[in-house]
Ligand code: NI
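Residue numbers (this note's numbering): 27 to 164.
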């Protein structure tokens, strides 16, 4: 195990309050340990690389539809990749927020790139992807 490095970090108070409640629920007593676990989890997920394998999965995003041009950007990404977006469901969550669940299918590398692009679109407040390779499960 390599040595520890300290670094500072800034965060909105609201987000920190929520994070502290999350830590309590999960039994963390130490903020650094909770953040390390989240980073490890993100790195493990990022290692998934379906490569050339035929893959399928979901991308779920929550966004504020009042965000400037965001809805049309998200719709544009989906139309540009029409062969990979096999289904989409849109739910109006409240007066401001929408949830979209997309099913993507294609080469693992391609759909991961598309999913990352969609989740990373400025204004998306939360996004999550779950993929599996069809070769591994059938
Ligand atoms: Ni909506």
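From the three backbone atoms N, C-alpha and C, an ideal C-beta is built for every residue, glycine too.
Element boundaries [alpha helix (DSSP H), containing residue i]
i	result
residue 38	No alpha helix (DSSP H) contains residue 38, which DSSP labels as neither H nor E.
residue 136	134–145
residue 98	96–106
Reference residue i, options the options, closest by Cα
i	options	result
residue 144	55, 31, 114 and 120	114
residue 134	119, 147 and 156	156
residue 171	31, 148, 58 and 141	Since the displayed the chain opens at 27 and closes at 164, residue 171 lies outside it and no answer follows.
residue 58	150, 100, 129 and 32	32
residue 111	98, 124, 126 and 131	131
residue 148	109, 128, 137 and 100	100
residue 83	28, 137 and 35	137
residue 158	35, 29 and 78	78
CB contact check: residue i to chain B, cutoff 8 Å
i	result
residue 42	This model lacks chain B altogether, as it is built from one protein chain only.
Neighbourhood of residue i by C-beta distance below 8 Å, restricted to the same chain and skipping five residues each side
i	result
residue 60	45, 48, 49, 52 and 54
Endpoints, the beta strand (DSSP E) within which residue i is located
i	result
residue 154	150–159
residue 81	80–90
residue 122	Here residue 122 belongs to no beta strand (DSSP E), and DSSP marks it neither H nor E.
Beta-carbon contacts of residue i that lie in its chain and below 6 Å, excluding the five residues immediately before and after
i	result
residue 153	87 and 145
7 Å CB neighbourhood of residue i in its chain, flanking five on each side removed
i	result
residue 116	124 and 126
residue 107	140
Counting pairs of beta carbons, one from the region 41–60 and one from the region 120–137, are three or more of them closer than 8 Å? In short, these stretches do not touch, since the Cβ pair count stays below three.
Are three or more beta carbon pairs between the region 28–41 and the region 87–101 nearer than 8 Å? With a cut-off of 8 Å, the region 87–101 and the region 28–41 do not count as touching, because too few Cβ pairs lie within range.
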